[in-house]
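Chemist: So that we are looking at the same thing, I have put the structure below in structure tokens.
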Amino acid sequence: MTTLQASAQKQLRQMIESIERLEEEKKALADDIRDKYNEAKGLGFDVKTLRQIVRLRKKSQTERQEEESLLEVYMHALGMLDGPLSADAEAAVDHMIAAE
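Quick note: the sequence shown uses the working numbering, first residue 1098, plus one each step.
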């Protein structure tokens, strides 16, 4: 069995220790985020809705519109929505058909 050279062992150890520090920082940040959501809940805000807003703000307006259009198409197909589809949803259907 071969062993790593001393310089490679040192690099490996540094890399592992760096990853471990980042993992600790990530856990601390996750704890901070959880605390903020708990604080918001204590103020009467709905945490599920806040999480959804944070997720949506990461997307462009175009991405959000595409997602909403597909959601409308699927809900309409399942009988969850009454009436005709919006123009954006119709365009999403046309795009799906063209992709086939």
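Heads up, the beta-carbon is just placed ideally off N, CA and C, and yes, glycines get one too.
Using the Cβ count rule (16 or more neighbours within 10 Å means buried), how would you classify residue 1189?
Modeler: When all chains shown are included, residue 1189 counts as buried.
Chemist: Compute every distance between the C-beta of residue 1130 and the non-hydrogen atoms of the ligand SAM, then say whether any falls below 6 Å.
Modeler: The ligand SAM is absent from the structure shown, which contains no ligands of any kind.
Chemist: Pull up the distance between the alpha-carbon of residue 1181 and that of residue 1149, whole angstroms please.
Modeler: Straight-line Cα distance between these residues: approximately 26 Å.
Chemist: Once DSSP output is grouped into helix, strand and coil, what is the label at residue 1112?
Modeler: Helix at residue 1112.
Chemist: Please determine, among 1130, 1155, 1162 and 1176, the residue with the shortest C-alpha to C-alpha distance to residue 1144.
Modeler: Nearest of 1130, 1155, 1162 and 1176 to residue 1144, Cα basis: 1130.
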